[in-house]
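First comes the structure, then the notes that go with it.
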Amino acid sequence: MLGLKNFVEKKRALLESGEVIQVIEIADTYIAVVSAKANSEKKKIIILDEKREENNIDNIEETFQKTVALMKEVDCEDGITIAINLDAKLANTIHSSVSVVRPHPNEEINESDLRNVVSEAMWRAYDRERPRAAEKLDANELDIVLADARVKNILLDDHRVSSPLGFKARKVKLELVQTFTTRNIFEKIKELIPFEQERCVEEIGSVMTEILKRTTSEQEYLVAILMNKRTDIFIMKKGKGAYLDSFHWGRTNLIGSIMKNLSLSKSVAERLYHIVLDKEASRGFLTKFEKLITAELQIMINGLVAHAGKAESRLMFVYPFFELPEIVWTDRFKKRFPEKATLRQISTKTAKDELGLEINDKNSNNKRQLFSVIASIAGCIDGTKNEAVARIVKRNVHWLISAKGKKKSLDM
3 MLGLKNFVEK
13 KRALLESGEV
23 IQVIEIADTY
33 IAVVSAKANS
43 EKKKIIILDE
53 KREENNIDNI
63 EETFQKTVAL
73 MKEVDCEDGI
83 TIAINLDAKL
93 ANTIHSSVSV
103 VRPHPNEEIN
113 ESDLRNVVSE
123 AMWRAYDRER
133 PRAAEKLDAN
143 ELDIVLADAR
153 VKNILLDDHR
163 VSSPLGFKAR
173 KVKLELVQTF
183 TTRNIFEKIK
193 ELIPFEQERC
203 VEEIGSVMTE
213 ILKRTTSEQE
223 YLVAILMNKR
233 TDIFIMKKGK
243 GAYLDSFHWG
253 RTNLIGSIMK
263 NLSLSKSVAE
273 RLYHIVLDKE
283 ASRGFLTKFE
293 KLITAELQIM
303 INGLVAHAGK
313 AESRLMFVYP
323 FFELPEIVWT
333 DRFKKRFPEK
343 ATLRQISTKT
353 AKDELGLEIN
363 DKNSNNKRQL
373 FSVIASIAGC
383 IDGTKNEAVA
393 RIVKRNVHWL
403 ISAKGKKKSL
413 DM
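Take a look at the structure:
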């Protein structure tokens, strides 16, 4: 009894003080390592430390060398949860569901039953989704591995439960989140953190698409992530977020347009762009500049509208990894979208105002690119906390990685 009492007191103290989480974000043009303290009960997140560095994700070796160096600069405790957010080029997070019919529905579910159900569901989801991940990552299917997995929800005969143990049911439905990557990237991840370390690995766009469900009553929407050279589109449909497509448009296009139209070098065009963003020019010049880049911004709009039309979605969230000219968020500019379309900007303010989170970000050195980090932290602390299920899932992830495509028996 004394041991139980000490455990309960320790758990209560942890909830009151908050859980320390380190987020490693490897994006298109930067790497960020952020440590934060999160309290799920108080819905409070405190950024403790943050280090960022520009990066070219196409150079994988250099990318992970920089990541290791940044991790050494950020103070963090041992044994903490680590969230790894990966660019869409490096990972594919897939939300899916699998139903398993029990042979003896009138018997209560025990741990042995639970192991069998989770094992079967994970194998079926793995076999079904791995070819899709291989196509998206442009890799051989045998080179695709499971980097992480978790059970999001458990339903017994279509009724959601926090734990299935002790219940009777014919059908057990598991809602799964699986993140796939290539074997090369997975080996690099293992060099960053021990495999047994508590962690969440997910695609950046998937993290944001999932968390945005809390900000709208719409069942379907798109999330557009604007980066340096491309824009990724994610879709939320029937409660499941997924990567949809990408098109070639980003910050580089804006700078290139300024260079071409004004016959400027890249460095001068960059400086001019910042002058305009900071409104440090005359009103007349700002008006002329607005007209100059409108044609280029229209290309962005055309790409967004095309994907919104294919998905038949009225709502589109836009998250730029760089600062866009203020004109983009004006009502007159939004009229360039179809009449029924709704455009919403994502920012750290979204997390504060619409997710209801109290965020202390005074230690952040780049608040513009903080929403994806906050979304990841919120997802880690709000995920399914059933320890029995989590243990089984973790063991299955080990087996699925070692299996290399050949099914093995998981009963032990």
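Everything in the sequence shown is counted per our numbering, starting at 3 for the first residue and increasing by one. Just so you know, even glycine gets a beta-carbon here, dropped at the ideal spot from N, CA and C.
Notebook entry, point to check: residue 322 bridges to which residues according to DSSP?
Noted result: Working through the sequence shown from its first residue, we reach residue 322 at position 320. 228, per the DSSP bridge assignment.
Check: Is the region 22 to 33 in contact with the region 221 to 236, if contact means three or more CB pairs nearer than 8 Å?
Finding: yes
Notebook entry, point to check: How would you write the range of the beta strand (DSSP E) that residue 86 sits in, first residue to last?
Noted result: Looking up residue 86 in the sequence shown gives position 84. Run containing residue 86: 83 to 88, per the beta strand (DSSP E) assignment.
Item checked: Separation of residue 84 from residue 220, as counted between CA atoms -> If you number the sequence shown from 1, residue 220 lands on position 218. If you number the sequence shown from 1, residue 84 lands on position 82. Going from the Cα of residue 220 to the Cα of residue 84 covers about 31 Å.
Notebook entry, point to check: Mind pulling the beta strand (DSSP E) runs of 3 or more residues that sit fully within the region 168 to 247?
Noted result: 173 to 184, 201 to 205, 223 to 228 and 233 to 239
Notebook entry, point to check: Do you know how far the Cα of residue 394 is from the Cα of residue 21?
Noted result: Along the sequence shown, read from residue 1 onward, the residue named residue 21 stands at position 19. Along the sequence shown, read from residue 1 onward, the residue named residue 394 stands at position 392. Near 23 Å, if we compare the C-alpha coordinates of residue 394 and residue 21.
Check: To which residues of the same chain is residue 396 closer than 8 Å at the C-beta, ignoring the five residues directly before and after it?
Finding: As a first step, residue 396 must be located in the sequence shown, where it is residue number 394. Correct list: empty, nothing qualifies.
Margin query: Taking only three categories from DSSP, how would you classify residue 351?
Written below: As a first step, residue 351 is located in the sequence shown; it is residue number 349 there, counting from the start. Residue 351: helix per DSSP, three-state reduction.
Note to self: For residue 149 and residue 142, which I take to be in contact (beta-carbon distance under 8 Å), what is that distance rounded to the nearest angstrom?
What the structure shows: In the sequence shown, residue 149 corresponds to position 147, counting from 1. In the sequence shown, residue 142 corresponds to position 140, counting from 1. With a Cβ gap of about 17 Å, residue 149 and residue 142 do not count as contacting.
Notebook entry, point to check: Relative to the alpha-carbon of residue 110, which residue among 377, 156 and 166 has its alpha-carbon at the smallest distance?
Noted result: By 1-based counting over the sequence shown, the position of residue 110 is 108. Taking only the C-alpha atoms, the option nearest residue 110 is 166.
Note to self: Could you tell me the alpha carbon to alpha carbon distance between residue 193 and residue 86, rounded to whole angstroms?
What the structure shows: Numbered from 1 along the sequence shown, position 191 holds the residue referred to as residue 193. Numbered from 1 along the sequence shown, position 84 holds the residue referred to as residue 86. The alpha-carbon atoms of residue 193 and residue 86 are separated by roughly 13 Å.
Notebook entry, point to check: Are the beta-carbon atoms of residue 379 and residue 40 separated by less than 8 Å?
Noted result: If you number the sequence shown from 1, residue 379 lands on position 377. If you number the sequence shown from 1, residue 40 lands on position 38. Yes, these two residues count as a Cβ contact at 8 Å.
Next item on the list: Tell me whether the beta-carbon of residue 318 lies closer than 8 Å to the beta-carbon of residue 308.
Entry: Along the sequence shown, one-based indexing puts residue 318 at 316. Along the sequence shown, one-based indexing puts residue 308 at 306. Their beta carbons are not under 8 Å apart, which means residue 318 does not touch residue 308 by this criterion.
Next item on the list: Please state whether DSSP places residue 310 in a helix, a strand or coil.
Entry: Stepping through the sequence shown from its first residue, residue 310 is reached at position 308. Note: residue 310 maps to helix in three-state DSSP.
Checklist line | Contact belief for residue 376 with residue 402 at Cβ below 8 Å, rounded distance in angstroms | finding: By 1-based counting over the sequence shown, the position of residue 376 is 374. By 1-based counting over the sequence shown, the position of residue 402 is 400. So it is not a contact: roughly 30 Å between Cβ atoms.
Item checked: Of the listed residues 250, 252 and 274, nearest to residue 261 (C-alpha basis) -> Your numbering for residue 261 matches position 259 in the sequence shown. Out of 250, 252 and 274, 274 has the C-alpha closest to the C-alpha of residue 261.
Note to self: Considering just the uninterrupted stretch of the beta strand (DSSP E) at residue 163, what are its terminal residues?
What the structure shows: On the sequence shown, position 161 is the one that residue 163 refers to. From DSSP, the beta strand (DSSP E) with residue 163 extends over 161 to 163.
Checklist line | Residue burial classification, residue 52 (beta-carbon count within 10 angstroms, cutoff 16) | finding: Position 50 of the sequence shown, counted from the start, is the residue given in the question as residue 52. Residue 52 should be labelled buried.
Check: Should residue 251 be labelled buried (16 or more other beta-carbon atoms within 10 Å of its own) or exposed?
Finding: Within the sequence shown, the letter at position 249 stands for residue 251. Buried is the call here.
Margin query: So, under 8 Å CB-CB, residue 211 and residue 238 are touching, yes? Tell me the CB distance rounded to an integer number of Å.
Written below: Sequence index remark: in the sequence shown, residue 211 carries index 209 (1-based). Sequence index remark: in the sequence shown, residue 238 carries index 236 (1-based). Their Cβ separation, rounded to whole angstroms, is 5 Å, which keeps residue 211 and residue 238 in contact under 8 Å.
Note to self: Can you tell me whether residue 117 is buried or exposed? The criterion is at least 16 other CB atoms within 10 Å of its CB, across all chains shown.
What the structure shows: As a first step, residue 117 must be located in the sequence shown, where it is residue number 115. Flag for residue 117 reads buried.
Check: Is the region 87 to 107 close to the region 178 to 191, with three or more CB pairs under 8 Å?
Finding: yes
Check: In this structure, does DSSP put residue 342 in helix, strand or coil?
Finding: By 1-based counting over the sequence shown, the position of residue 342 is 340. Reduced to three states, the DSSP call for residue 342 is coil.
Next item on the list: Return the chain-ordered list of same chain residues with a C-beta closer than 7 Å to the C-beta of residue 49, the five sequence neighbours on each side being excluded.
Entry: Locating residue 49 in the sequence shown gives position 47, counting from the first residue. Taken in chain order, the residues that qualify are 36, 38, 362, 363, 365 and 366.
Note to self: Check whether the region 62 to 72 and the region 112 to 128 are in contact - that is, three or more C-beta pairs closer than 8 Å.
What the structure shows: no
Item checked: 7 Å Cβ shell around residue 145 - same chain, five flanking residues per side excluded -> In the sequence shown, residue 145 corresponds to position 143, counting from 1. Taken in chain order, the residues that qualify are 184 and 185.
Item checked: Distance CB(residue 316)-CB(residue 344) smaller than 8 Å -> Taking the first residue of the sequence shown as 1, we reach residue 316 at position 314. Taking the first residue of the sequence shown as 1, we reach residue 344 at position 342. Taking 8 Å as the Cβ cut-off, residue 316 and residue 344 qualify as a contacting pair.
Margin query: Here's a check: name, in chain order, each residue in its chain whose Cβ is nearer than 6 Å to the Cβ of residue 322, leaving out the five neighbours to either side.
Written below: Against the sequence shown, residue 322 aligns to sequence position 320. 228.
Check: For residue 260, which three-state DSSP category applies?
Finding: By one-based count along the sequence shown, residue 260 stands at place 258. Residue state, collapsed to three classes: helix.
Checklist line | residue 256 and residue 292 closer than 8 Å at C-beta | finding: Reading the sequence shown from its first residue, position 254 is the one you call residue 256. Reading the sequence shown from its first residue, position 290 is the one you call residue 292. For residue 256 and residue 292, no; Cβs fall outside 8 Å.
Item checked: Contiguous alpha helix (DSSP H) assignments of at least 4 residues, all confined to the region 74 to 156 -> 113 to 138
Check: Which same chain residues, not among the five before or five after residue 76, have their C-beta less than 8 Å away from its C-beta?
Finding: Stepping through the sequence shown from its first residue, residue 76 is reached at position 74. Excluding sequence neighbours, residue 76 sits near 24, 35, 36, 37, 51, 52 and 53.
Checklist line | Inter-residue Cα distance where the pair is residue 202 and residue 300 | finding: The count along the sequence shown starts at 1 and reaches residue 202 at position 200. The count along the sequence shown starts at 1 and reaches residue 300 at position 298. Straight-line Cα distance between these residues: approximately 37 Å.
Check: What is the residue span of the alpha helix (DSSP H) that residue 370 lies within?
Finding: Translated into the one-based positions of the sequence shown, residue 370 becomes position 368. Per DSSP, residue 370 belongs to no alpha helix (DSSP H) and is neither H nor E.
Next item on the list: Compute the distance between the beta-carbons of residue 207 and residue 90, then report whether it is under 8 Å.
Entry: Locating residue 207 in the sequence shown gives position 205, where the first residue counts as 1. Locating residue 90 in the sequence shown gives position 88, where the first residue counts as 1. Yes. Within cutoff.
Margin query: Tell me which residue opens and which closes the beta strand (DSSP E) that residue 54 is part of.
Written below: Translated into the one-based positions of the sequence shown, residue 54 becomes position 52. Run containing residue 54: 46 to 56, per the beta strand (DSSP E) assignment.
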